[in-house]
Structure formats: structure tokens, C-alpha cells
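Peer 1: Protein chains in written order, with this note's numbering: chain A, 5 to 802; chain B, 7 to 217; chain C, 142 to 573.
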Amino acid sequence: MTDLTREGIKATVGEEMVKVTVDGQEFEAPKGQMLIQAAQNHGTYIPRFCWHPRMRPVGMCRMCLVEMETPKGRVLITACTNPVADGMVIDTKSEVAKKAQEGVLEFLLINHPLDCPVCDRGGECPLQDHTIAYGPGESRFVEEKRHFEKPIKISDLVYLDRERCILCARCTRFSDEVSGDPLIEFLDRGNFTQINTFPDQPFASYFSGNTVQICPVGALTSKAYRFRARPWDLVSIESTCPHCTTGDRITVQASQNEVLRFLGVDAEATNWSWLSDKCRFGFEFIESPDRLTSPMIRQEDGSFTEATWTEALELVASRFTEIRDAGKGLAVLGGARGTNEDAYALAKFAREVLSTNNIDCQLDDGLDPQFLAATADRARISDLDSARTILVWGPDLKEEHPTLYLRVRHAVQEKGARLVLIHPWRNGLDDRATHKLTYRPGSGAALLTRLQSEEGEVATALAEGPLVALLGRTGYGEDGRLAEAVAAHVRSLGGKLLPLARRSNVYGALDMGLAPSLAPGRATTDNPGKNAAQILEGLAEGSILGLLMVGSDPVRDVPNGELARQALEQARFVVALDQFLTDSSRLADVVLPVEGFAEKEGSVTNVEGRVQKVNRVVPGPGQSRPDWSILDDLSDRMGRSINLVSAEAIAKEIATEVPAYVGVTWDMLDAEKDGVVVPLPEATQPLVYLPADTPGKSFSGELVLHYARTMFDDGVLMRHGPSLEHLAPGAVAILNFDDARRLGLSDGDQADIKTSQGSARLTVRIDPSMNHGLVYVPFNQPGIPSLGSDPVVTVTKA
Amino acid sequence: MSEWSEAVQERARAIVAQYPQRRSAVMPLLFLAMAQDGYLTEAGMIEVAEWTGITPAQVAAVATFYTMYKREPVGKYLVSCCTSISCMLLGSDQVMHALEEEAGALHGQVDAEGLIGVEHAECLGACGGAPAVQVNYELIEGVTPDKARQLVQWLRKARPETVNTDELQQLFGGTTSFEWAIKEEVGAVGPYPAFESFGSTAPVSADGTES
Amino acid sequence: MTYPLLVTKRMTDFPSDSHTLERYEATGGYKAARASVGMTRDQLVEAIKNSGLLGRGGAAFSAGLKWSFLAPARPAYLVVNADESEPGTFKDRQLLERDPHQLVEGIIITAIANEVHRAFVYVRGEYPKPARRVQKAIDEAYAEGYLGKGIFGSSYDLDVVVHLGAGAYICGEETALINSLEGLRGEPRLKPPYFPAAVGLYNKPTIVNNVETLSNLPHILNQGIDSYKGLGHEADTGTFLFSISGHVKKPGNYELPHGITWNELIFDIAGGMRRERRLKTWIPGGASAPWFVPSDHLELPITKDDTAKAGSMLGSGAVVVMDEATCVVRAAERIVRFFAHESCGQCTPCREGTSWLEMILRRIEAGQGREVDFDLLLDVSDNISIGLAWPPRMTTICPLGPSAVSPIISITKYFKGEIMTHIHDGGCPLPA
Ligand SMILES: Cc1cc2nc3c(=O)[nH]c(=O)nc-3n(C[C@H](O)[C@H](O)[C@H](O)COP(=O)(O)O)c2cc1C
Ligand code: SF4
Ligand code: FES
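(1) Between the alpha carbons of A/A675 and A/K604, how many angstroms are there, rounded?
(2) How about A/G126 and A/R168: do their beta carbons lie closer than 7 angstroms?
(3) Taking the beta strand (DSSP E) that B/C93 belongs to, which residues open and close that run?
(4) Going along chain C, which residues have a C-beta under 8 angstroms from A/K103?
(5) What's the C-alpha gap between C/G341 and C/N357?
(6) With a Cβ-Cβ cutoff of 7 angstroms, do A/D557 and A/V578 count as a contact?
(7) Mapping DSSP to helix, strand and coil, what is A/E142?
(8) Evaluate C/T143 with the Cβ neighbour count: other Cβ atoms within 10 Å of its Cβ, from every protein chain shown; 16 or more gives buried, anything less gives exposed.
(9) When the distance is taken between beta carbons, is C/E493 closer than 7 angstroms to A/I114?
(10) Roughly how many whole angstroms lie between the Cα atoms of C/A278 and B/H126?
(11) Measuring only from the beta carbon, is A/P130 closer than 6 angstroms to any heavy atom that is part of ligand 2?
(12) Threshold first: 4 residues or longer. Then list the alpha helix (DSSP H) segments lying entirely within the region 405-456 of chain C, N to C.
(13) Please classify A/L691: does DSSP put it in a helix, a strand, or coil?
(14) Where does C/N351 sit, in a helix, a strand or coil, going by DSSP?
(15) Ignore the nearest five residues each way along the sequence and tell me which others in A/I654's own chain have a CB closer than 7 angstroms to its CB.
(16) Tell me, please, whether the CB atom of C/M454 is closer than 7 angstroms to any CB atom in chain A?
(17) Need the endpoints of the alpha helix (DSSP H) that C/K207 sits in, please.
(18) Along chain C, which residues have their Cβ under 9 angstroms away from the Cβ of A/M92?
(19) With the cut-off set at 7 angstroms, would you say A/V681 and A/G613 are in Cβ contact?
(20) Reducing DSSP to helix, strand and coil, say where A/R265 ends up.
(21) Check whether the Cβ atoms of A/F783 and A/Y711 sit closer than 7 angstroms, and answer yes or no.
(22) Compare the Cα-Cα distances from A/K227 to each of A/L191, A/V162 and A/N214 and report the closest residue.
(23) Do you know how far the Cα of C/K172 is from the Cα of C/L206?
(24) Quick one: is A/R193 near chain B, going by C-beta distance under 7 angstroms?
(25) Any heavy atom of ligand 1 inside 6 angstroms of the beta-carbon of C/D377?
(26) Are the region 380-398 of chain A and the region 362-369 of chain A touching, with three or more C-beta to C-beta distances below 8 angstroms?
(27) Is the CB of A/Q205 under 7 angstroms away from at least one CB in chain B?
(28) May I ask you to check if the CB of C/T251 is nearer than 6 angstroms to at least one heavy atom of ligand 3?
(29) Can you round the beta-carbon distance between C/L441 and C/A451 to whole angstroms, since I take them to be within the 8 angstroms contact cut?
(30) Pull out every residue of the region 48-71 of chain A whose Cβ sits closer than 8 angstroms to any Cβ of chain C, in chain order.
(31) Could you tell me whether any Cβ in chain B is nearer than 7 angstroms to the Cβ of A/L739?
(32) Quick one: using the 10 Å Cβ neighbour count with 16 as the cut-off for buried, is A/K701 buried or exposed?
(33) Kindly list the residues whose CB is nearer than 7 angstroms to the CB of C/N320, restricted to its own chain and excluding five residues on each side of it in sequence; keep chain order.
(34) What I want to know is whether the C-beta of C/R273 ends up closer than 6 angstroms to one or more non-hydrogen atoms of ligand 3.
(35) How far does the alpha helix (DSSP H) with A/K332 in it extend, from its first residue to its last?
(36) Per DSSP, what are the beta-bridge partners of A/V768 in this structure?
This is the structure:
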């Protein structure tokens with residue numbers, strides 16, 4: 005635990021209701037709610053700058069001053085720091101209150117530059133709005149304004165103009181209190197107070213973009229949006245973020261058919277308006293000049309030539325039909341990044357047209373589909389808020405599930421939940437963990453056995469519910485089935501579960517049947533097909549001949565990238581539905597351009613089973629088409645029509661045909677602010693798997709590889725976004741000092757890292773916090789081959 | 007890791023041990039960092055951040071809040087002249103002027119040699135002995151413009167290793183706020199205006215952190 | 142006329158060694174602390190409550206009552222406020238330098254009364270000598286077993302740590318002080334909670350008391366409540382240290398009972414005006430207080446209530462006296478400058494308003510005042526301290542911002558002519 009930071013006021017809103025009178029109107033509000041919020045809920049807007057509903061109040065700007073009756077007469081109070089109390093009588097518009105509010109506004113303006121015409125915030129600026137509503141006509145301030153160098157770059161993504169800053173502490177609070185990386189702070193004092201970073205230590209937070217969104221003026225602006233548009237030119241359409249499985253609500257803003265910005269929407273169920281920088285700035289790929297605009301066919305020499313849709317589809321149909329009819333095996337990889345409608349179309353196409361159950365939307369980096377699709381006792385994200393104990397035994401949430409990371413952080417820090425954190429190494433939540441256990445990948449089962457059998461603080465903490473467990477693979481050296489065993493234990497303790505898998509719509513895709521063992525609606529198929537790893541092996545050894553890749557890049561995205569490359573090279577015929585030429589689709593025979601996020605309408609399903617809409621904001625580029633329509637067209641050409649006519653029609657079919665989704669229509673989703681959670685079946689999977697340290701797989705004395713993802717890597721969407729492409733940390737091998745010395749390595753040396761599945765030459769970094777016997781290598785960094793999922797590793801000096 | 011000498015690290019550990027939470031040690035550690043270089047460097051703040059488990063930005067937020075943490079060299083002798091109300095009433099502006107002129111440095115500056123820094127300060131708690139001046143925070147009360155000039159000349163010539171408030175008072179002071187009476191037995195602070203010659207060294211008997 | 146002394150008695154009787162442990166013990170020192178080791182929290186809190194002791198840090202709040210508010214959570218902390226920085230105030234410095242054991246004994250009593258095992262003495266950074274003296278006294282007390290494990294042979298542990306400020310007046314405000322001690326910026330915390338006794342240092346119950354307040358405690362316990370009360374004047378029990386500075390012949394700290402008049406204080410006790418000039422105005426209770434003028438206030442008794450009724454306060458007991466040759470615009474500018482310089486910068490009205498006022502005053506003083514500036518001064522002040530009432534109707538988190546308005550209220554009320562002359566004549570009419 006780190007030391008306490010500023011405590012401030014924590015609003016604990018209870019059930020009990022109290023009577024309050026605001027401007028003569030009496031109403032009831034929950035005890036403990038801040039007056040500013042209670043008044044707003046009942047139609048009285050009290051002006052404010054510093055208050056933000058998702059952060060502790062600081063009462064600094066003093067804009068929300070109102071008058072309260074007391075036995076000793078009226079007093080001025082700030083509505084943002086005073087919770088409602090029974091019998092409270094408030095006047096927000098009295099002479100005195102108005103005088104105070106107008107005074108504050110004048111004070112804020114005396115040092116504020118009047119550069120609204122060139123400010124990104126012009127038109128959506130509360131200071132501008134309040135000035136029109138409450139402000140003085142002309143300035144009585146004849147002195148020289150405060151000057152700062154403007155604007156300064158405080159990170160790769162964010163610029164700061166200190167002259168515009170009104171010192172509301174929203175950005176500093178966000179980074180300290182919400183995201184836990186206090187890199188931007190108040191410096192100096194009094195009238196010289198400014199916001200800044202430490203020299204040469206940029207505001208390198210994964211969440212920096214949120215400060216741009218919550219800055220009430222134009223002091224913080226983002227590189228991606230600066231000077232790109234004026235607010236009144238923007239089209240804003242609500243949608244669901246295409247990057248994580250949390251289903252974060254966003255507003256997509258576009259101008260002249262170009263997407264220019266994502267903003268977080270304050271959805272209670274999911275992201276509370278926050279977004280990671282990967283999500284917020286991960287819109288640039290949409291407008292990338294590298295987007296595919298027409299079908300392409302690969303020539304003998306490996307180059308691609310553009311083709312018409314008819315040419316391309318005829319070729320695909322004939323080759324797939326040939327392989328299918330020869331009984332030689334076809335397979336489908338991908339589909340976890342699209343909509344449920346596209347996933348449904350793909351599942352139907354695979355089973356009815358390709359006649360295969362070799363379907364996997366996960367890329368050998370996830371968990372058992374049965375487990376993911378049908379976890380009973382599934383938690384809601386909001387259960388974290390009332391948990392007594394939270395167990396996180398899975399990927400580093402900060403790297404892979406950023407808004408869940410924020411929610412867990414909040415639950416621990418603000419709601420007092422206890423956090424049991426189990427991870428091979430350092431983790432984004434370390435500073436908030438009540439109990440932190442580390443272990444070597446490969447020996448998780450032994451640790452679990454200990455937790456189950458031995459008494460101790462951790463066991464006691466886990467036994468004290470409500471318990472919510474977030475479970476997944478901590479890295480690729482981890483047995484994917486360990487999480488199931490942990491889940492069984494959690495279930496035996498009466499806890500609830502959130503299983504953690506990757507790719508935004510993986511849960512929707514599984515629900516639509518994009519798994520070897522699942523039929524649409526989370527039903528089990530009779531004769532399961534092959535999973536991603538088996539498909540790749542099958543392709544490599546020739547037992548499978550044809551592959552359809554849908555928005556997937558196995559070469560870069562499966563742990564064993566080398567196997568994927570071999571598979572694609574050996575395959576007889578490969579088709580890719582994609583937005584870009586990737587390392588994988590480059591090896592395909594036919595590449596078909598598809599519409600992507602913000603270009604199509606549909607529904608998606610998040611980790612809780614929450615179904616939400618994604619919406620069309622701009623047209624797709626060139627001749628790109630939605631997946632379903634390509635698949636429908638192909639099905640006709642292959643003589644087994646799947647009869648799909650529109651995404652909306654597919655949605656209707658899902659709402660009648662897919663068991664868990666019955667009745668979930670687009671109309672319903674459009675009407676429900678936070679979407680709809682589809683019901684989960686009872687625990688169907690037996691969960692009897694009890695892994696133990698497999699004999700012969702005991703790693704004592706050897707080095708073990710912790711191979712896990714970072715938020716920014718060499719993924720396709722990042723490669724094609726100018727703001728994000730250079731943020732990947734790069735490939736290094738991190739070792740403990742003792743291990744390094746034993747191997748004759750010092751910081752900065754080159755070393756060869758070898759597993760049974762791959763090898764790479766990497767720069768060595770020595771980190772004292774690294775555990776003994778462990779080597780950490782970040783996954784999928786630019787220009788580096790993959791190392792696979794075997795945790796046994798050798799390191800030798802190059 | 008630490009750039010500080012073993013002795014300084016020893017001192018830092020003792021300072022941290024005095025507090026239930028190590029972040030509380032940030033202020034004394036900043037003084038300690040200043041004592042190394044004569045002013046607060048970026049490296050010093052980074053070092054303090056490591057000792058207290060907070061970010062350098064958080065250290066800077068604290069360091070820049072207080073006037074006594076100097077971000078630029080202030081010379082070997084920092085001469086501070088109180089110009090708040092009581093001292094002003096008794097002519098401190100003239101004393102300040104004399105100091106600036108004699109040192110050849112204006113408020114916030116250091117003389118050409120880098121020996122003497124001059125600043126005006128807010129109330130130093132010596133109003134009864136106004137005007138008040140401090141050398142490395144060691145007080146002199148009842149200073150006249152003439153005495154102020156002599157002070158600067160003396161510092162240039164004598165270059166004492168430490169400055170002692172009683173000695174300074176005797177040489178350059180006048181009326182005092184109250185009878186000082188007792189001579190200070192130990193030398194005061196030097197060679198830089200830093201605080202490591204005192205500050206708490208009390209044995210803390212309660213062990214462990216409390217919260 | 143002489144008055145009986147309490148907290149400054151030892152240093153008056155034994156000027157050469159009042160700070161030593163020997164002298165302290167030879168004159169009855171640590172008797173009260175030893176006795177309180179055997180007393181319960183209730184007994185001690187009741188005794189101090191009944192003594193009527195009011196805090197000497199400026200707010201004059203009952204010390205015993207404050208202690209009784211201490212929340213039950215433990216650990217609890219004691220923080221001694223030795224940040225003395227209000228312009229005009231220099232009394233705590235004398236107590237720290239010249240009778241530090243008296244404070245240490247007060248700390249021990251307060252700690253026992255509040256079940257505190259760790260106390261901090263927050264001394265302003267510009268007080269190295271006082272800090273050294275207190276540190277030495279603490280070291281001596283440790284050596285004697287009066288501090289540390291099992292004090293006075295009991296099972297009670299008490300540690301005391303001296304913590305230095307680093308130049309920020311606002312850290313005298315108790316919640317800012319606590320933030321500062323926690324290693325945060327010295328910014329005052331939001332109220333409620335109104336008292337650190339509920340939630341204070343490390344979010345634990347915390348007692349904050351001034352040096353002088355604690356220095357009174359041994360005397361209260363030693364001589365009994367009635368005798369202690371008898372030294373004072375009605376609700377203002379005990380003695381009070383006044384710091385007098387400015388244009389008087391004998392500036393200094395004076396330990397006095399309440400109830401004497403300002404005339405007595407300035408002319409009899411402080412020796413009257415220098416150079417036989419006429420008294421123009423004085424600040425009755427530190428830079429934050431609205432000023433008094435001879436025509437209205439000279440015969441007023443010095444009590445908490447009479448001063449409040451007349452629209453000011455005794456605050457920390459700092460009296461700053463100004464003679465007829467003083468330029469009030471300049472004096473006001475100096476005080477407003479202080480508050481602008483010391484504003485922590487959180488609250489918009491304080492951060493922006495105090496600097497604005499300073500700029501306007503400086504302009505008037507430099508002869509660039511405009512006719513509208515008089516009203517502007519008042520209206521900007523009004524926006525910091527609505528209605529310009531006393532005590533202020535604050536628009537801010539702490540009273541610092543509204544304090545900056547006191548000199549403006551005072552000079553516009555009593556010296557409008559002089560301000561207008563500055564504006565009309567292009568500068569100060571008084572000889573520099
Ligand atoms: C702006 C401001 C500055 C203050 N400065 C001091 C100070 O320097 N010393 C002090 O003892 N109290 C100071 N106080 C009062 C403290 O907040 C607190 O009331 C006091 O230390 C309590 O101790 P007491 O009850 O013993 O007086 C200040 C208050 C404010 C609002
Ligand atoms: S009134 Fe001034 S000093 Fe007090 S909290 Fe507000 S800004 Fe800080
Ligand atoms: S919104 Fe209440 S003080 Fe800023």
C-alpha cells in the first residue's frame with residue numbers, strides 16, 4: 005500500500021431520502037448526495053467548473069456558491085462540497101449568490117486570454133457559456149494579464165496552454181485519484197500557480213486523453229484533434245468503443261464524412277466517461293490512407309492486383325467449393341472485432357456453406373469458449389463497486405482492460421474493497437493491492453492448491469464476500485485452463501466472475517457461435533471442430549487446405565506467430581476479409597475490403613453479456629462492403645444461400661433464433677441507455693479441470709518466460725494511427741539483477757531469448773523489482789518475432 | 007540508485023523513520039537535498055521522490071509551493087530583508103535598497119561572485135525588532151541601512167563557515183523584539199542556507215507505521 | 142502598573158537560563174506533566190474546559206472544548222502550531238526560544254488528555270534558532286525519560302518530532318498545516334469537517350494547538366482553575382501575549398490580562414508614539430484584522446467581545462501601530478501584498494482577487510490611480526468577502542482571502558480623503 009493521499013470529501017450516497025428546498029421548490033434527494041447534483045437532477049443547474057461527478061469535490065473554483073439558510077442567518081456555501089441534509093433550504097439565485105457567482109466569473113476572466121476564435125474549445129466551453137449567461141459586460145481589469153509560454157507539449161498526445169487554464173484541478177485529480185499516475189501537478193503558489201509536468205518527465209499516462217475531455221476550457225488539447233474542427237460543424241453519434249471488451253460508451257464525432265474524435269460517455273454500467281488513450285485516439289485508423297478500397301487478388305509473384313468484386317468472389321467461391329467438396333477441410337479464424345450481426349453471418353456461413361466447425365474467433369490467446377460464453381455467476385461490472393473483496397488473477401488490467409482497471413482502482417480506493425492481486429510480476433494495480441502474490445508462469449496450479457488448502461490472510465480475504473473475481477491469463481506462458489480452476493474455487497466461495505478475454509466483441513462472437521464447440525446462443529455443438537491452434541497446425545501439416553480470415557492477423561496476434569506464418573504459407577487457399585493489408589492478409593490469395601467501425605450499424609456484447617449498439621457515422625472507403633453482405637454473396641455463389649439481406653434483418657433473425665438473445669432488438673437497444681444484459685444460462689460446464697504442476701514441466705532452476713501484452717503494441721489499428729503508432733514500448737527482455745549476473749548480462753546487453761516455439765535477440769534491461777527466475781518480454785512489439793506460449797526459456801548473451 | 011553519500015543516506019533514513027508515512031518526509035528531505043548542492047536541483051527532487059515513494063511531479067508540486075526551497079543558486083549567504091508591514095513602517099525598504107546596492111544584486115539575484123544572494127521576504131516574526139534581516143535564516147533585528155551595507159561587506163571579507171545569530175546581532179543589529187538574553191551555545195547554519203545542522207533527531211520509540 | 146506573569150515569568154525572572162532543564166525543574170517544571178500521567182482523559186479535558194482557556198492561535202476557540210471533540214478512532218495525533226507568520230506576531234518565537242520546556246510540558250499534558258502517542262511540532266522554517274531550542278528541550282526530555290517509552294516511569298509512550306516549515310504563511314491554517322505535514326502542498330482542506338479533531342493528520346483524529354495555548358497548560362494545572370481564571374477578565378481567562386510593533390517607543394511582547402484599554406496598551410505600556418508623533422491608526426489583532434482609529438476606539442476595553450463588536454478581532458494578539466506620517470495606501474498595499482503572496486491559490490477569489498487588489502493599490506500609490514479605482518477596490522473586495530461584513534461572509538475555503546480585504550475596508554472607511562488625494566494629485570501626499 006502506498007501512503008494515503010489527499011482524502012478530501014467522499015460522498016457516500018445512501019438509500020435514505022431527505023427533503024431539500026432549492027429556490028422554493030421542495031424535493032427529495034438521497035442523503036449524502038452533493039447539493040449540486042441533487043439540484044441538477046431536479047432541474048436547477050448551478051454553474052460550476054471544478055466539480056466533476058466522477059471525482060472527489062475540491063471546491064476550488066467557487067463558481068457554485070449558493071446561499072443556505074441557517075439558524076444564524078444565510079451563509080454562502082459551495083454546492084459541490086456540501087451534501088444535502090434534511091430540511092436544507094437553498095437559494096441559488098439570490099442577490100448574494102448571484103453577486104458571488106458573477107464575481108468568481110470576473111476573477112476567472114481577468115487572466116484568461118481572449119483567444120476563443122482560435123481555441124479548440126470555442127463553442128463548447130463552459131467559461132464562454134457562463135460568461136454569456138452570468139458574466140460582466142466588459143473587463144474592469146486594466147492590468148497586465150498573466151503570461152506563460154503557450155502551448156507546451158506535455159506528452160506525445162497532449163498540449164497544455166497555461167494561460168487558458170483556470171486551475172480547476174480536474175486534470176490533476178484525474179491523474180492522481182482516478183488513473184493513479186500523478187505526473188501532472190500544480191506547481192508554484194497563489195497567483196503564480198500553474199499546471200505542469202516534471203522537467204523531462206512527460207505526462208505519459210495511458211489515460212491522458214481524459215484530461216483533455218474534462219478540461220473545462222481549452223487549456224489541454226490533443227494532438228489528434230487540435231485545430232481539426234469547430235464544434236458546431238461536428239456530427240455526433242453515440243456508439244460502443246471498438247477496442248476493449250468492456251463495451252465503453254463513446255460519442256463518435258465526424259465532420260465532412262471524416263471521423264475526428266471519440267469522446268467518452270458517462271455510462272453508469274461501463275466506463276463512467278473514461279477511455280484509455282488507445283481507445284480515445286484509436287480512431288485515426290478509420291481515415292487511414294492505407295485502408296483497402298477494392299478486392300485484391302495475389303499473383304504468382306506475391307504482388308496484389310485490384311479486381312472487381314465479381315472476379316474476386318467467383319474465384320473465392322470456386323476454390324472454397326472445390327476444397328469443401330473434396331472434403332479436404334476448411335477453417336475460419338477471426339470475427340471477434342465486428343458486430344454480432346457479422347459474427348452471426350460468419351457462423352452461419354461457416355457451418356452451412358463451408359460445412360465446417362473449425363471456427364475460432366480467439367487466436368490461441370484466450371480461454372475455453374465454453375467457459376467464456378457460459379460462465380454462470382457472471383458478475384456485472386458494477387458489482388465491483390459493492391465488492392468487499394476483489395480478486396484479480398489475470399492479465400494486467402491497466403495494459404489490457406484499461407477501463408476495468410479504473411473501476412477496480414476506484415472500488416479499492418474509494419469504496420474500501422480489498423484487492424487480492426495475483427500476477428507473475430509488477431502490475432498496474434500494485435499500489436492498491438491489499439495482498440499481492442507473485443508466482444512463476446507454469447506454477448499457478450500449485451499456488452491455487454495452496455490457496456485452497458492453507459489458511460492465511462489471503463484465504464480469509466477471499467472468504468469474506470461479496471467477492472468478485474476477474475480471471476484470465478496473466479501471460480501466454482500461462483495454461484489457459486488455470487482460470488477455470490480458479491473460477492471453480494471462486495464459485496465454491498460464493499463469488500462472482502468476470503472472465504477476461506481479448507478483442508472487443510469476443511463475447512458477442514462466441515454467443516453467435518464463432519467457436520469450434522459452440523452453436524449460436526451459447527449452445528454446445530455435437531461434433532466440435534478445431535480451435536485456432538489446431539487449425540494453424542492443420543494448415544501447416546496439410547490436413548486443412550483452406551482458410552477464411554475475418555479481421556484477424558494471426559501472424560502478429562497468436563502467441564506462436566511462426567506457426568501462423570507457416571500455416572498461411574502452406575495453405576492451399578486463403579481469403580481475408582480485412583480493412584488493411586496485414587502481415588497475415590499479405591499472405592492471402594484474395595483480400596476483400598470491408599467496412600469497419602463507425603461505418604456500419606450493429607450490436608456488440610461486452611464482458612458482462614451487455615448488448616449495445618454501434619452506429620454508422622461515415623461511409624466505408626471505396627468499394628468496401630460489410631462482412632455479412634460479402635458472405636451472403638459468396639453463399640449464393642457457392643450454391644447454399646444463407647439468405648441475409650441487411651444487418652437489421654440479421655438482427656431480427658438473432659432476436660428470434662438465438663436463444664439468449666430472444667427479444668433483444670435494435671429498437672430496444674436504441675431505447676435503453678446502457679443496453680441490455682442478455683441472460684446467462686446456469687453453469688453448464690463442469691469445471692472439473694484441476695491442473696497441477698505437470699510432471700516433467702517443473703521449471704525449478706530454469707528461467708521462465710512471462711510473455712504478456714502492453715497497451716500499445718504493433719497491432720494493426722495502432723500501426724495505422726499516427727498518434728499511437730510510435731507509443732509501443734519496444735521489445736526488451738527484463739531480468740532480475742542476480743539472474744542477469746549469473747548469465748553474464750548487464751543492462752543494455754543484447755541477448756538471445758529462445759523457447760521451443762521461437763527466438764529473438766533483445767536488449768536486456770535489469771529491473772530490481774523482477775522476480776528471480778523470471779524473464780519478461782512484452783508481446784507483439786515492432787520488428788520482433790514472436791516467442792510462443794511455452795514458458796520454458798533460455799537466455800544467452802549475444 | 008541513490009546519488010547521495012552513505013552519511014546523507016543514513017540521515018535520510020533517520021528522517022523517514024520519524025513519520026508514520028514516508029511521504030511526510032518530503033519537506034525535511036528537500037532541505038537535505040538542498041544542503042547537498044546549495045539549491046534544489048532536478049536530480050535532488052528525483053532523489054526525494056524515490057525516498058518518499060511519490061512521483062517527481064508530486065515532489066515538485068510541494069517544493070515549488072514554499073519560498074524556502076530555492077530552485078536557483080542563492081549564493082553561500084542568502085540575505086533576506088523583511089519588507090512586511092511592521093518592518094516597512096520602520097524603514098525596511100531603505101534597508102532592502104542598501105542591501106541591493108551594496109551586494110550589486112536585486113531581489114532574487116546573486117552577486118557577481120555568486121557569494122551573496124539578496125531577497126525581500128514577508129514577515130519574519132521579528133516585528134518588535136523591525137527592520138529585520140536574516141542571513142541564511144539566522145536573524146538580525148533592528149538593522150539600519152548603514153548596518154546592512156556593513157553586513158554585506160563583512161560577509162565578503164570574513165566569509166564565515168557558519169553564521170551565528172548572536173554574533174550577527176551584536177555586529178549589525180539594534181533593537182530586538184524581546185530580550186535575547188541567552189547566548190546561543192551552538193553555531194548556526196552554513197555553509198549554505200540549508201537546514202541539516204538541525205531538524206529532528208529525536209529517537210522515535212514507537213516503531214512501525216500506524217496507519 | 143504591573144501585571145502578574147505566567148508564560149513569560151520564568152524568562153523574566155531568570156533571563157540567562159530560563160531555557161535550560163535545570164532551571165525549568167528548579168522552578169516547578171514537569172510537576173504538572175508528572176501529575177497528569179495519573180489522570181484520566183476526562184479529568185484533564187474537564188479541567189482545561191473549566192479553565193476557560195481559549196486558543197491563542199487567532200481563532201480563540203476553547204481548548205478544552207476542542208479536545209472534547211476528538212473522535213474515538215486511534216491513533217490520534219497532536220500537532221503544535223508553531224508556524225507563527227501573521228505579520229505583527231512574534232510571541233511564539235519568544236516562548237520557543239526562551240522557555241521551550243514549558244511547551245514540552247504542555248505537549249505531554251495535551252497528549253495524555255487526548256490519548257496521543259505521537260506529536261509533531263510544526264515550526265516555521267524561518268525560525269531556526271527557536272527550532273533548535275525546542276529540539277534541544279525535546280532531546281533533554283527524552284534523556285530524562287519524560288518523553289519516549291514509558292514516560293515518567295509509567296506505561297505511557299510519547300514521541301515528539303520537530304517538523305520545519307519552508308516558507309508559507311498559509312501552513313499556519315491548521316488543515317493546510319496538516320497537508321503540509323503529510324507531504325502535500327500546504328493547501329487548506331475543505332470544511333466540513335470543521336475540526337481536525339474529527340479527521341486530521343493521516344485522516345486520524347488530530348488536535349492542533351498553538352504554542353502559547355499549550356504553554357499555559359502547566360500553569361493551569363499547577364495553580365488551579367480558579368486562580369488561573371482570576372488572572373483574566375471575564376470570558377477571557379488567564380493572561381494573553383500581545384506583540385506590539387510599529388511606531389511605538391517600546392515595541393515588544395507583553396503578557397497582560399484582557400480588559401485594559403487600547404490607550405493604556407499603546408501609551409502606558411508600549412511607551413507611546415515615537416518622535417512624539419500623533420497616533421493615526423492601529424491594527425488590533427494581526428494583519429488580518431480591520432484597523433482601529435483613535436477617534437473611535439482608543440478607550441475601548443481590550444476584550445474579545447468588545448473588539449468583535451467594534452468590527453475587528455484580537456486574533457493572535459499582534460498590534461501594529463501607525464503614526465500620522467504613515468501613508469495608509471502604502472500600508473494597505475503592504476498587507477494586501479502579503480496575502481496575495483501567501484495565497485495558496487486554490488480559490489479563485491483569493492488567488493485572483495488579492496493580486497488584483499494589490500495591483501490597484503500599487504497603481505494608486507504610484508500616482509496612476511483613476512477615479513473609478515476607489516469603487517473598484519471596494520467591489521473587488523466585495524467579491525472576495527461578500528457584503529464586506531465582519532466576520533466575513535467568505536467566498537473562499539479559508540479566511541486568508543477575506544483577510545486581505547480588511548485593510549481595504551479600513552482605509553476606504555477612515556481615510557477616503559487620503560486615497561482620493563493620491564488619485565487626484567498623482568501620488569502620495571506624505572513625505573517619504
Ligand atoms: C490563514 C490562517 C493562518 C493561521 N496562522 C496561524 C499561525 O501561524 N499560528 C497559529 O497558532 N495559528 C494559526 N492559525 C489558526 C489555526 O488555524 C488554528 O486555529 C490554531 O492553530 C489552533 O490553535 P489554538 O486553538 O491553540 O489557537 C491560522 C489560521 C488561518 C486561517
Ligand atoms: S482563501 Fe486563499 S489561502 Fe485560503 S484556501 Fe482559498 S486560495 Fe487558499
Ligand atoms: S464547482 Fe463548486 S467550487 Fe468549483
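The beta carbon of each residue, even a glycine, is placed where N, CA and C say it ideally should be.
These numbers come from a predicted model, not from an experiment.
Peer 2: Looking at the coordinates:
(1) 19 angstroms
(2) no
(3) That residue, B/C93, is in no beta strand (DSSP E); its alpha helix (DSSP H) goes I91 to L95.
(4) D523, N524 and I527
(5) 24 angstroms
(6) no
(7) coil
(8) exposed
(9) yes
(10) 32 angstroms
(11) no
(12) 435-438 and 445-450
(13) Legend: pLDDT at A/L691 = 43, less than 50; position of this residue unreliable, value from coordinates given subsequently. Here A/L691 sits in coil by DSSP.
(14) strand
(15) E345, Y348, A349, W632 and L648
(16) no
(17) A204 to S209
(18) Here the premise fails: no neighbours, minimum Cβ distance about 14 angstroms.
(19) yes
(20) strand
(21) yes
(22) A/V162
(23) 24 angstroms
(24) yes
(25) no
(26) no
(27) yes
(28) no
(29) 6 angstroms
(30) P61, V62, G63, M64, C65, R66, M67 and L69
(31) no
(32) Note that A/K701 scores a pLDDT of 48, beneath 50, so its modelled location is shaky and nothing firm can be said.
(33) R326, G327, E328 and R330
(34) no
(35) Note, A/K332: premise wrong, no alpha helix (DSSP H); not H, not E.
(36) A/A737
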